[in-house]
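Chains as they are written, first to last, in UniProt numbering: chain D, 1 to 242; chain S, 1 to 218; chain U, 1 to 204.
This report refers to the structure that appears directly beneath it.
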Amino acid sequence: MSLWEYANPQKFMRTSQMVLPVLTVLTVLCLTAGLLWGFFLTPEAVNFGSTVKIIYIHVPAALMAINAWLMMLVTSLIWLVRRHHVSALAARAAAPVGLTMTLIALITGAIWGQPMWGTYWAWDPRLTSFLILFLFYLGYIALWEAIENPDAAADLTSVLCLVGSVFALLSRYAVNFWNQGLHQGASLSLDKEENVADVFYLPLLVCIAGFVLLFITLVLLRTRTEVRARRVRALITRERMA
Amino acid sequence: MIALLKRDLSLSIRAGGGFGLGLAFFLIVTILVPFGVGPQSDTLRLIAPGILWVGALLACLLSLDRIFALDYEDGSLDLLATAPIPLEAVVAMKALAHWVTTGLPLTLAAPVLAVLLNLQGAGFGWLVLSLLLGTPALSMIGAFGAALTVGLKRGGLLLSLLVLPLYVPTLIFGAESVRRGAQGMATTTPLLLLAGLTLASVALLPFAAAAAIRVNLR
Amino acid sequence: MELVVNNLSCARGGVPVLERVGFRLTAGQALMLRGPNGIGKTTLLRTLAGLQPALEGQISSPPESIAYAAHADGLKATLSVAENLLFWARIFDTNDITPALEGFDLVDLAGRQAQNLSAGQKRRLGLARLLVTGRPIWMLDEPTVSLDTASVALFGRAVAAHLKTGGAAVIATHIDLGFSAQSLDLTPFRAAPQKLNDFDEAFL
């Protein structure tokens, strides 16, 4: 039994159909628990008041925005190397989710930034990097939409994803070089540095888990949609040829 | 390969080739900025490096879709793909031709326009040097974007959307080195990074672009 | 010098159009591809020329032996006839364009810009390009479009001369070019309509 079996669309559809309900329930539970805990059961931070609680959306969304791109990079590579169609479709399915996560991170960041730094937007390296990431997502999705032939679209978007990843890293470095920013350093690393107290940290972990689950659920759901869209396309082509 | 470069150059110089289009656009941008920003020479001096680099970048962007689109439409690209020259070399030569007709004239014109924007005297040398080092990367990255969108009917806007985020590092290092140079600070780091970016683009992107063209031709 | 095609299937836009095509072509032979519009003559020629991958099957030919001429001639309007030819000659590492100019009756037009040529003259220039490639196997897609009777005869003679010197040609055309050639009707190779490529099939 190998992982590649799931590259078969039929196998993928069967398995994902079984897994999805479980995932959905888990996602709802995890997100509800994490957000309720974070919003209502944590003390207000000394200097920032209740504004700090937006962290429970901002940080998980930002993490997922980056991880979605990483997932697209991996699935693109799998498509280029092994030409599994589900892989290409999963990359396509993940892009709008990643775009939304980026947007959520940018917007919640702006809302949070106003009381914290006194401005909605600053050309801080991290903010700027996310704006660039947002552009990358837009370009990637637009390229998928623009090309008719699905295989050609999968190939070209995969190449764009590879090259884009390299340039996204370069941009991150360039932007750091360009402006040292306002953000605090890695206050949320998993080895739990003391920057964020446990009382905030634990619900945040639950929220991150919830967002991860949400992402997986949405991507599975959207991949199923893409697979069905391809099936419709196949049926129409067959009809036309008959 | 030299034949390809020669052909592209003579095509762009002859009627309808679009030579000078980027240059004219660059001129317009830099002339319009003072009208929008105001005539205070201090302000202009401050923003001159950025305006000049952004102007050069946009001027470059303007002619990108011509790199492959014309050859795609008249069938030459099919024929070039079956020719003995590797497609990677075709891409590199076409990017080079784009640079000679766009990046190089922009680099040469930049000091003249910098006078209009009151760039500090110390910045002129760095402006030319940074454009000389950075514009080849703009052409090469643009050629990659053009290769991705060559099969599309109206790929122009999409091309800009794809290429703009890829241009960010080049723009940052380029403008930063002029800014530092104009203020008399050390420019070695951004210039080296810019040169590295250009070399890496020229070394690697032809392969990605050629792969994209092969997909678009089939 | 031999072109052998075995069990070849090819697709257009992800949909298979031809399957199990096979033929064999040796030096001095020409093959006429026949069949109704849309049967996949262009697709087959593009696959043979290496512009698109075959779904399955083998194409064996000596390396760098194929010269492809499509519907579009790949001419640059602002270059002269001689410049257009010279460019392709340099790309293919041959330098003499005189035989090509003479073979297609273009000597008098050599200095004229391609944009000032008539459709038939442009076509002749596009075909003359084949002579400067120096490659033995010609793949021609509807070469006689917009040629007048005299030019068709001229073209027929050029192909015949090419065959005589050990060349070969695969030609998709509907008309008789005036030399003996095998012909291959593609109709029996039309891909079975219900067959889609692997991926789409997996969804049915």
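We treat Cβ as the ideally placed atom computed from N, Cα and C, and that holds for glycine.
Keep in mind that this is a model prediction, so the values were computed, not measured.
With a threshold of 7 Å, establish whether the CB of residue i neighbours any heavy atom of the ligand COA.
| i | result |
| --- | --- |
| residue 115 of chain S | Within the structure as shown, the ligand COA is missing, as the structure has no ligands at all. |
Opposite residue i in the DSSP bridges: which residues?
| i | result |
| --- | --- |
| residue 10 of chain U | U:18 |
| residue 56 of chain U | U:9 |
| residue 113 of chain U | U:80 |
| residue 4 of chain U | U:24 and U:60 |
| residue 170 of chain U | U:31 and U:139 |
Are the C-beta atoms of residue i and some chain U residue less than 8 Å apart?
| i | result |
| --- | --- |
| residue 151 of chain D | yes |
| residue 194 of chain D | Any answer about residue 194 of chain D is weak, because its pLDDT of 46 lies below 50 and its placement is not dependable; what the coordinates show is given next. Judged by the 8 Å Cβ criterion, residue 194 of chain D is not in contact with chain U. |
| residue 15 of chain D | no |
| residue 45 of chain S | no |
| residue 14 of chain S | yes |
| residue 84 of chain S | yes |
Use the C-beta contact count for residue i: other C-beta atoms within 10 angstroms, 16 or more gives buried, fewer gives exposed.
| i | result |
| --- | --- |
| residue 40 of chain S | exposed |
| residue 82 of chain D | exposed |
| residue 114 of chain D | exposed |
| residue 180 of chain U | exposed |
| residue 193 of chain D | Low confidence applies to residue 193 of chain D: its pLDDT is 44, below 50, so where it sits in the model is not reliable, and the reading given next is rough at best. Counting Cβ neighbours within 10 Å, residue 193 of chain D comes out exposed, since fewer than 16 surround it. |
| residue 13 of chain U | exposed |
| residue 164 of chain U | exposed |
| residue 72 of chain S | buried |
| residue 120 of chain D | exposed |
| residue 84 of chain U | buried |
| residue 145 of chain D | exposed |
| residue 188 of chain S | exposed |
| residue 11 of chain S | buried |
| residue 36 of chain D | exposed |
| residue 117 of chain D | exposed |
| residue 29 of chain D | exposed |
| residue 32 of chain U | buried |
| residue 108 of chain U | exposed |
| residue 11 of chain U | buried |
| residue 121 of chain U | buried |
| residue 175 of chain U | exposed |
If you follow the beta strand (DSSP E) that residue i is in, where does it begin and where does it stop?
| i | result |
| --- | --- |
| residue 140 of chain U | 137-141 |
| residue 184 of chain U | 182-185 |
| residue 66 of chain U | 66-69 |
On the DSSP letters alone, give me the boundaries of the alpha helix (DSSP H) that residue i sits inside.
| i | result |
| --- | --- |
| residue 31 of chain U | Per DSSP, residue 31 of chain U belongs to no alpha helix (DSSP H); it is in the beta strand (DSSP E), 30-34. |
| residue 83 of chain U | 81-91 |
| residue 173 of chain D | 150-178 |
| residue 103 of chain U | 98-103 |
| residue 44 of chain U | 41-48 |
| residue 176 of chain U | Premise fails: residue 176 of chain U is in no alpha helix (DSSP H) and is neither H nor E. |
| residue 92 of chain S | 87-98 |
| residue 225 of chain S | The structure shown does not extend to residue 225 of chain S, since chain S is modelled only from 1 to 218, so the question has no answer here. |
| residue 164 of chain U | 149-164 |
| residue 172 of chain S | 156-182 |
| residue 117 of chain S | First-last for residue 117 of chain S: undefined, no H or E at that position. |
Which residues of chain B have a Cβ atom closer than 7 Å to the Cβ of residue i, listed in chain order?
| i | result |
| --- | --- |
| residue 76 of chain S | In the structure shown, chain B does not exist; the protein chains are D, S and U. |
Is residue i helix, strand or coil by DSSP?
| i | result |
| --- | --- |
| residue 94 of chain D | helix |
| residue 121 of chain U | helix |
| residue 144 of chain U | coil |
| residue 199 of chain S | helix |
| residue 120 of chain D | coil |
| residue 147 of chain D | coil |
| residue 190 of chain U | strand |
| residue 109 of chain D | helix |
| residue 86 of chain D | helix |
| residue 14 of chain S | coil |
| residue 34 of chain D | helix |
| residue 63 of chain S | coil |
| residue 220 of chain S | Shown here, chain S extends from 1 to 218; a query on residue 220 of chain S therefore has no answer. |
| residue 84 of chain S | coil |
| residue 218 of chain S | coil |
Consider the Cβ of residue i: report whether some Cβ of chain S lies at a distance smaller than 8 Å.
| i | result |
| --- | --- |
| residue 53 of chain U | yes |
| residue 159 of chain D | yes |
| residue 171 of chain U | no |
| residue 128 of chain U | no |
| residue 130 of chain D | no |
| residue 70 of chain U | yes |
If we cut at 8 Å on Cβ distances, does residue i have a partner in chain D?
| i | result |
| --- | --- |
| residue 211 of chain S | yes |
| residue 15 of chain U | yes |
| residue 288 of chain S | Outside the modelled stretch of chain S, which goes from 1 to 218, sits residue 288 of chain S, for which no answer is possible. |
| residue 176 of chain S | yes |
| residue 169 of chain S | yes |
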